[in-house]
Amino acid sequence: MKVTVFGIGYVGLVQAAVLAEVGHEVMCIDVDAKKVENLKNGVIPIFEPGLTPLVKKNYEEGRLLFSTDAEMGVHHGEMQFIAVGTPPDEDGSADLKYVTAVARTIAQHMNSHKVVLDKSTVPVGTADKVRSVMAQTLKERGVEIPFDVVSNPEFLKEGAAVSDCMRPERIVIGTDNEDVVDLLRELYEPFNRNHDRMILMDIRSAELTKYAANCMLATKISFMNEISNLAELLGADVEKVRQGIGSDPRIGYHFIYPGCGYGGSCFPKDVQALIRTAEQIGYQPRLLQAVEQVNHAQKLKLPEFIQRHFGEDLKGKTFALWGLSFKPNTDDMREASSRVLMEALWERGAQVQAFDPEAMDETQRIYGHRTDLKLMGTKEAALQGADALVICTEWQSFRVPDFDVIKKSLKQPVIFDGRNLYDPERLSKRGFVYYAIGRGA
Ligand code: UGA
-6 MKVTVFGIGY VGLVQAAVLA EVGHEVMCID VDAKKVENLK NGVIPIFEPG
44 LTPLVKKNYE EGRLLFSTDA EMGVHHGEMQ FIAVGTPPDE DGSADLKYVT
94 AVARTIAQHM NSHKVVLDKS TVPVGTADKV RSVMAQTLKE RGVEIPFDVV
144 SNPEFLKEGA AVSDCMRPER IVIGTDNEDV VDLLRELYEP FNRNHDRMIL
194 MDIRSAELTK YAANCMLATK ISFMNEISNL AELLGADVEK VRQGIGSDPR
244 IGYHFIYPGC GYGGSCFPKD VQALIRTAEQ IGYQPRLLQA VEQVNHAQKL
294 KLPEFIQRHF GEDLKGKTFA LWGLSFKPNT DDMREASSRV LMEALWERGA
344 QVQAFDPEAM DETQRIYGHR TDLKLMGTKE AALQGADALV ICTEWQSFRV
394 PDFDVIKKSL KQPVIFDGRN LYDPERLSKR GFVYYAIGRG A
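Note that our numbering has the sequence shown beginning at -6, numbered continuously upward.
Quick look at the structure:
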């Protein structure tokens, strides 16, 4: 099938590459000419395991095309994905200007039936907006061409995006027209072979499903972070509690890891956007507000521990920081806990020596101007002469470090661990002062 994808961000690029891999002819359109040129030369704008070879292969084999020519894109596919960004507005609601701009573009150039699929995470009611923008544009052109708007939210995780997209747990389709379902079955047939993963529903339910999924996951994390704070105050160990409750299949082990807060481009933005949506219709979303508040407070947990240990004034102190990305296997630093931590340390006069396996360039791009940040080439180099070690991301390479090297390199054997990577008893036997989340520090 011929498919066009507008927006070569995370969602758009991964979806396009995966659709091309299974044999569809996919054209990706983006306004960023540099990005398009880079992709043609095999330069991928994001770090995502498995994505670079997939993009290169499908580009070379001619199934994956990149262009800035929107008109050509509209003519290319009957399927038109909208996968552009929906950044938060000043008040936290999702800004739909890029989505509606693509809708207008499609309607300006289309000459035949199009199925427009909303892949971006968009508030309930967006498909109606897309439809009315398109209808208005077609009216202005004085033409009548049929089209369908479908909500088809994406559930991929950064760091596992290619495999999530190749082996989706579900393919949610929101439509009010049964006739497009066959087209979508054909499009997704390669991902839908062993058992039917397509979940059909009305458009608004599909749009809300995406927010409900992310908000449920964010709620699990904030709930667990709240329990971790209680555990700390009550002298319990949240890691034991986690195992104790996770064994109940109704609760499950997934997404109940306490830590220094959730980040990324999805949870913080989507929780806020659903709060705004609720408020706009006069409903007070108490639980979601609490989820957000708990997360905000949780990101200040490590700075609080540091203050408890070293006092308010950190002038002259240097902190080794392991982990800058918002989670492992990505170089993404959007809403990362490391940023809140570094900014709190700098505010109190401290220096930071940081290392991350993938996010060094991104850190340089954001904080390159700071004289109180040194980016170090290895995790060991980051330790040299620092007063303590702080961990913000659970990269595999941080899980079994050489504790003798850590001890020798630091001025004091103190570790602030925002991801509960180590056994407190063992560390204490080795002579470390170990602060972890909800483990009775
Ligand atoms: C999230 C969802 O997990 C995907 O299903 C969804 O498709 C995606 O958003 C999206 O809307 O596009 P992602 O933001 O890539 O994916 O990252 P997650 O793996 O969900 O992690 C989010 C944050 O939660 C990270 O900062 C992570 O450290 C934190 N987290 C996760 C915890 O603190 N505890 C946990 O138990 C799990």
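Glycine included, every Cβ here is placed at the ideal spot set by N, Cα and C.
Item: Using a threshold of 6 Å, is the CB atom of Glu219 nearer than that to any non-hydrogen atom of the ligand MN?; Value: In the structure shown, the ligand MN is absent; the only ligands present are the ligand UGA.
Item: Taking Phe303 and Lys294 to be in contact with their CB atoms under 8 Å, please state how far apart those CB atoms are, rounded to whole angstroms.; Value: Between Lys294 and Phe303 the Cβ distance is about 15 Å, and since that is not below 8 Å, they are no contact.
Item: Which stretch, first to last residue, makes up the beta strand (DSSP E) that contains Leu58?; Value: 57 to 60
Item: Taking the alpha-carbon positions, what's the Cys158 to Leu58 distance?; Value: 19 Å
Item: In angstroms, rounded to a whole number, what distance separates the CA positions of Asn187 and Phe425?; Value: 51 Å
Item: Excluding five sequence neighbours on each side, which residues of the same chain lie with their C-beta closer than 7 Å to the C-beta of Asp325?; Value: Glu151, Gly257, Ser258, Ser318, Phe319
Item: Within a Cβ cutoff of 8 Å, which residues of the same chain sit near Gly78, ignoring the five residues on either side of it in sequence?; Value: Gly0, Gly2, Tyr91, Ser113
Item: From the DSSP output, read off the bridge partner residues of Ala266.; Value: Paired residue(s): none; Ala266 is not in a bridge.
Item: Let's see if you can read the secondary structure: which residues bound the alpha helix (DSSP H) around Met65?; Value: 63 to 69
Item: Run the proximity test for Gly70: is its beta-carbon closer than 6 Å to any non-hydrogen atom belonging to the ligand UGA?; Value: no
Item: Tyr246: buried (16+ other C-beta within 10 angstroms of its C-beta) or exposed?; Value: exposed
Item: Would you say the stretch 111 to 127 touches the stretch 140 to 155, given that touching needs at least three Cβ pairs under 8 Å?; Value: yes
Item: Determine the extent of the alpha helix (DSSP H) in which Thr437 is found, giving its start and end residues.; Value: Given a span of -6 to 434 for the chain in the structure shown, any question on residue 437 remains unanswerable.
Item: Any idea which residues DSSP pairs Trp315 with across the strands?; Value: Phe348, Ile384
Item: Okay, do the stretch 378 to 387 and the stretch 203 to 210 touch, 3+ Cβ pairs below 8 Å being the bar?; Value: no
Item: So Asp410 is in the beta strand (DSSP E); what residue range does that whole segment cover?; Value: 407 to 410
Item: Does the stretch 20 to 28 touch the stretch 128 to 140, meaning 3 or more C-beta pairs lie closer than 8 Å?; Value: no
Item: Any heavy atom of the ligand UGA closer than 6 Å to the beta-carbon of Lys400?; Value: no
Item: Would you say Gly35 and Lys50 are within 7 Å of each other, going by their C-beta atoms?; Value: no
Item: Any idea what DSSP makes of Cys21, helix, strand or coil?; Value: strand
Item: Would you verify that the beta carbon of Asp354 is, or is not, closer than 7 Å to some beta carbon of chain D?; Value: The chain labelled as chain D is not found in the depicted structure, where only one protein chain is given.
Item: Would you tell me roughly how many angstroms separate the C-alpha atoms of Val(-2) and Glu162, rounded to the nearest one?; Value: 22 Å
Item: For Met194, which residues does DSSP report across the bridge?; Value: Gly167
Item: Does the beta-carbon of Cys259, which I'm using as the reference point, lie nearer than 6 Å to any heavy atom of the ligand UGA?; Value: yes
Item: Any heavy atom of the ligand UGA within a distance shorter than 6 Å of the CB on Asn207?; Value: yes
Item: What residue range is occupied by the uninterrupted beta strand (DSSP E) comprising Met369?; Value: Run containing Met369: none; DSSP gives neither H nor E here.
Item: I believe Val(-4) touches Val19 by the beta-carbon criterion, under 8 Å. Please report the beta-carbon distance rounded to the nearest angstrom.; Value: 5 Å
Item: So His102 and Glu64 are supposed to be a Cβ contact under 8 Å. How far apart are they, rounded?; Value: 5 Å
Item: Indicate the three-state DSSP secondary structure (helix, strand or coil) for Met103 in the structure shown.; Value: coil
Item: At a cut-off of 6 Å, would you count Gln214 as near the ligand UGA, judging by its Cβ distance to the nearest heavy atom?; Value: The amino acid at residue 214 is misidentified as Gln; the sequence shows Ile. Indeed, a heavy atom of the ligand UGA lies less than 6 Å from the Cβ.
Item: Since Met335 is in the alpha helix (DSSP H), which residue starts that stretch and which ends it?; Value: 330 to 340
Item: Check each candidate in Ile244, Glu336, Thr356 and name the one with the smallest Cα separation from Gly370.; Value: Thr356
Item: With DSSP as the reference, identify every bridge partner of Thr(-3), one or two as the case may be.; Value: Met20, Gln73
Item: Closest by CA to Arg197, which one among Glu225, Ile166, Asp354, Ala211?; Value: Ile166
Item: Is Tyr250 helix, strand or coil by DSSP?; Value: coil
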